[in-house]
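Have a look at the structure below, then the notes.
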Amino acid sequence: MTAHIIDGQALAMQLRSRVAGHVARLKEKHGLTPGLAVVLVGDDPASELYVRNKRRQTIEAGMTSVEHKLPTETSQADLLALIEQLNCNPEIHGILVQLPLPKHLNANLVIDAIDPAKDVDGFHISNVGLLGTGQDAMVPCTPLGCLMLLRGHLGDLAGLEAVIVGRSNIVGKPMAQLLLNESCTVTIAHSRTRDLATICRRADILVAAVGRPEMIPGDWIKAGATVIDVGINRIVRGGKRQLAGDVDFSSAAGIAGAITPVPGGVGPMTIACLLANTVTACCRSHALPPPDGLTL
Ligand code: NDP
8 MTAHIIDGQA LAMQLRSRVA GHVARLKEKH GLTPGLAVVL VGDDPASELY
58 VRNKRRQTIE AGMTSVEHKL PTETSQADLL ALIEQLNCNP EIHGILVQLP
108 LPKHLNANLV IDAIDPAKDV DGFHISNVGL LGTGQDAMVP CTPLGCLMLL
158 RGHLGDLAGL EAVIVGRSNI VGKPMAQLLL NESCTVTIAH SRTRDLATIC
208 RRADILVAAV GRPEMIPGDW IKAGATVIDV GINRIVRGGK RQLAGDVDFS
258 SAAGIAGAIT PVPGGVGPMT IACLLANTVT ACCRSHALPP PDGLTL
């Protein structure tokens, strides 16, 4: 079997075009321009690249992009003061603090300072609680993108056996919650899981969010399963730098029914979902109905 390649780039392009359409209508009908503020502390090159990409795509979608680049030695009090200022700014509908933060800053306190209505990353405990109780929440962008890819490929997910490898607050746990809300039977695996291979082999849906290059080989995958590879790992192969997922793509593609590539799978959906969440936040803040096709 050769797996169907789930084209995240193409799906993300469709989503961004829906976002741009909604932005144009918000401007025309309501005189509103959704605004996203991104806060970057320090000079981590990978974070700088993500922030540049987010900014470019925000502007391309017709939204306002505001960037706050702060020095590494920024104090907790100064960062919290900036967040309070953004919370109060009516032209800003979404606030994203790029993680990881320098070690002297407390990420939990920073995230909890963001107005939950502007928390387009969906990391605030209010949004975590809303998602956990099946209510309207800001859904974290990466798992939201994964769910859109899964729905696009499989349609109804009810009753399917889903295994998520990784239990981070950013990917693994919210992914599990979303799949539970879709009525999947969900298993979350992690570094202390016993016999990971056997657990992975029972998955109709396998989501890998580990951060270890090509850790999951093809023979851990059930024939015909749908594999979502969240991992983004920088490796050197044949003297060349390249990106690799958490799944060994070449062996997995021979047995899975469908698989996301790295790059070009989950990554592009993450930024597209950030834009979608910002439009949703803008609509909610003006008591407008949530736009079709941007949220769950
Ligand atoms: P974390 O490091 O926060 O979490 C990794 C998880 O993997 C942990 O739960 C850990 O278990 C588990 N784990 C580590 N080693 C093993 C192992 N040998 N067997 C089973 N489980 C293991 O990572 P993130 O969730 O933030 O990110 C995961 C990957 O996804 C990374 O490659 C990251 O770059 C990528 N990513 C991609 C995004 C995208 O847009 N495509 C967005 C966000 C992340 P334990 O809890 O026991 O330590």
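Residue numbers (my numbering): 8 to 303. Glycine included, every Cβ here is placed at the ideal spot set by N, Cα and C.
message: Here's the rule: buried if 16 or more other CB atoms are within 10 angstroms of the residue's CB, otherwise exposed. What is Ala165?
response: Taking the sequence shown and counting its residues from 1, the one referred to as residue 165 is at position 158. Exposed: under 16 other Cβ atoms inside 10 Å.
field: Residues near Ile206 by beta carbon distance below 7 Å, same chain, minus five either side
entry: Within the sequence shown, the letter at position 199 stands for residue 206. Excluding positions up to five away in sequence, the list reads Val170, Thr194, Ala196 and Thr200.
message: As a quick exercise: from Ala215, Lys247 and His293, pick the residue whose alpha carbon is nearest that of Lys36.
response: Here residue 36 refers to the residue found at position 29 of the sequence shown. Cα-wise, what sits closest to Lys36 is His293.
query: Residues bridged to His11 by DSSP?
result: As a first step, residue 11 must be located in the sequence shown, where it is residue number 4. Ala265.
- prompt: Can you list, in chain order, the residues of its chain whose CB lies under 6 Å from that of His29, leaving out five sequence neighbours each side?
  reply: Here residue 29 is taken as the residue at index 22 of the sequence shown, counted from 1. Around His29: Val286 and Pro298.
- prompt: Thinking C-alpha only, which one of Val254, Gly162, Ala288 and Leu138 is nearest Ala183?
  reply: Taking the sequence shown and counting its residues from 1, the one referred to as residue 183 is at position 176. Comparing Cα positions, the closest option is Leu138.
task: Specify, as a first and last residue, the run of the beta strand (DSSP E) that Glu91 falls within.
output: As a first step, residue 91 is located in the sequence shown; it is residue number 84 there, counting from the start. Here Glu91 belongs to no beta strand (DSSP E); instead the alpha helix (DSSP H) covers Gln83 to Cys95.
- prompt: Is Ile242 buried or exposed, if buried means 16 or more other CB atoms sit within 10 Å of its CB?
  reply: Translated into the one-based positions of the sequence shown, residue 242 becomes position 235. It is exposed - the Cβ of Ile242 has fewer than 16 other Cβ atoms within 10 Å.
- request: May I ask you to check if the CB of Met155 is nearer than 7 Å to at least one heavy atom of ligand 1?
  value: Your numbering for residue 155 matches position 148 in the sequence shown. No, ligand 1 has no heavy atom inside 7 Å of this Cβ.
query: How far does the beta strand (DSSP E) with Arg241 in it reach, from first residue to last?
result: Here residue 241 corresponds to residue number 234 of the sequence shown, with the count starting at 1. Asn240 to Arg244 is the extent of the beta strand (DSSP E) around Arg241.
field: Cβ-Cβ distance between Leu103 and Cys289 below 8 Å
entry: Within the sequence shown, numbered from 1, the residue matching residue 103 stands at position 96. Within the sequence shown, numbered from 1, the residue matching residue 289 stands at position 282. No, these two residues do not count as a Cβ contact at 8 Å.
query: Does the distance from the C-beta atom of Thr233 to that of Ala263 stay below 8 Å?
result: Locating residue 233 in the sequence shown gives position 226, counting from the first residue. Locating residue 263 in the sequence shown gives position 256, counting from the first residue. Yes. Within cutoff.
- request: Using only the heavy atoms of ligand 1, determine whether one of them is closer than 7 Å to the beta carbon of Thr200.
  value: Position 193 of the sequence shown, counting from 1, holds the residue named residue 200. Flag set: Cβ of Thr200 near ligand 1.
field: Distance, Leu33 Cα to Asp163 Cα
entry: Position 156 of the sequence shown, counted from the start, is the residue given in the question as residue 163. Position 26 of the sequence shown, counted from the start, is the residue given in the question as residue 33. Distance between the alpha carbons of Asp163 and Leu33 is about 31 Å.
3-residue-minimum beta strand (DSSP E) runs that sit fully inside the stretch 164–223, ordered along the chain: 168–172, 192–196 and 212–215
- prompt: Is Met222 near ligand 2, going by C-beta to nearest heavy atom under 7 Å?
  reply: Summarising the ligand content, the structure contains ligand 1 and does not contain ligand 2.
- request: Measure the alpha-carbon distance for Met70 versus Leu282 and round it to whole angstroms.
  value: By 1-based counting over the sequence shown, the position of residue 70 is 63. By 1-based counting over the sequence shown, the position of residue 282 is 275. If I take the Cα positions, the gap works out to 9 Å.
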